[in-house]
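K.L.:
Below is a structure I'd like to ask you about.
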Amino acid sequence: MGRIKLIYDKLLKHFGFQGWWPVTPSCGAEPVYGIKTRTEDQIFEIIIGAILTQNTAWTNVEKALIQLNKNKLISIEKINKINKEELAGLIRSAGYFNQKAERLKIISEFLLENPINRLKKENIKSLRTKLLKINGVGPETADSIILYALNKPIFVIDAYTKRVCGRMGFREKMYEELQTLFMENLPKDAKVFNEYHALLVELGKNYCKKKPICKECPVTSLCKKDLNSIKKMD
DNA sequence: CGCCAGGGCCTCA
DNA sequence: TGAGGCCATGGC
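Residue numbering for the first sequence is -7 to 226, as defined by this note's numbering.
Dropping the structure here:
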């Protein structure tokens, strides 16, 4: 069995099932994990979360999502209509609030022209191309939307994944290279891609941090411990 | 107090 | 293509 799959098995055993993407169960409630089927509002909330979490701690995103829920704004039409400055005030806790308010307006406009029901039917490649044209949507955000909001099998690469893979000793560095590495060594299953990415985030937060805790790391036996990479990422 | 978090865009070599 | 600046809050 390949290293990619071995790492996955160990991470799953160590951290347990993650059940991303966390979604607020009702207005103002704290996001919960492990929901399986998504309503259209929940799908939109995931898309909003994917924008808000750009280079931002999820705890700060949660607060912003709660504000939006309290104001009944998890709605494509309402985000489209709301005044940008007012929106920025509501998502303040997520940081970069002016940029993100602008991005939420842009993507909700896109969703008016490209309804979620129609996006669901598109193939991944054309969908990804379309999403990447949206200002404020880069590769990670696009892939998060495809995987976590629309439940289609694509692998999400983030800063944690890059750091972990560098230290582990994988040669791939570019986004699409890393994405291919994972997708070619795993079953083409959205559930596996979903879970694996979430587990890598857990690993990056708890062990493979800027200052790594290799002694306690659950996948240390599978790691090359690339010191050069560790120093470079420090 | 400084560091960092589930990026992306823009500019300049 | 790659490095660097910029956007900003809240937790530790």
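By construction, the Cβ of each residue, glycine as well, lies at the ideal position given by its N, Cα and C atoms.
#1: Can you grab the Cα-Cα spacing for the pair residue 39 / residue -1, in whole Å?
#2: Helix, strand or coil for residue 15, going by three-state DSSP, please let me know.
#3: Tell me which residues share the same chain as residue 19 and place their Cβ nearer than 8 Å to its Cβ, disregarding the 5 neighbours each side in the sequence.
#4: If you reduce the DSSP assignment to three classes, tell me which class residue 223 lands in.
#5: Does the segment -6 to 12 come close enough to the segment 185 to 205 that 3 or more CB-CB pairs lie under 8 Å?
#6: Taking only three categories from DSSP, how would you classify residue 24?
#7: With DSSP collapsed to three states, give me the class of residue 57.
#8: Should residue 104 be labelled buried (16 or more other beta-carbon atoms within 10 Å of its own) or exposed?
#9: With DSSP collapsed to three states, give me the class of residue 184.
P.N.:
Quick answer:
#1: For the purposes of this step, residue 39 is taken as the residue at position 47 of the first sequence. For the purposes of this step, residue -1 is taken as the residue at position 7 of the first sequence. Approximately 28 Å, taken between the alpha carbons.
#2: Sequence index remark: in the first sequence, residue 15 carries index 23 (1-based). If DSSP states are grouped into helix, strand and coil, residue 15 belongs with the strands.
#3: As a working note, residue 19 is residue 27 in the first sequence. If we look at residue 19 and ignore the five residues flanking it on each side, its Cβ neighbours are 61, 62 and 64.
#4: Locating residue 223 in the first sequence gives position 231, counting from the first residue. Note that residue 223 scores a pLDDT of 48, beneath 50, so its modelled location is shaky and nothing firm can be said.
#5: yes
#6: Numbered from its first residue, the first sequence carries residue 24 at position 32. Looking at residue 24 - three-state DSSP - the assignment turns out to be strand.
#7: In the first sequence, the residue the question calls residue 57 occupies position 65. Of the three classes helix, strand and coil, the one that applies to residue 57 here is helix, per DSSP.
#8: In the first sequence, the residue the question calls residue 104 occupies position 112. A residue is called buried once 16 or more other Cβ atoms fall within 10 Å of its Cβ, and residue 104, having fewer, is exposed.
#9: As a first step, residue 184 must be located in the first sequence, where it is residue number 192. In the structure shown, residue 184 sits in a helix (DSSP, three-state: H, G or I).
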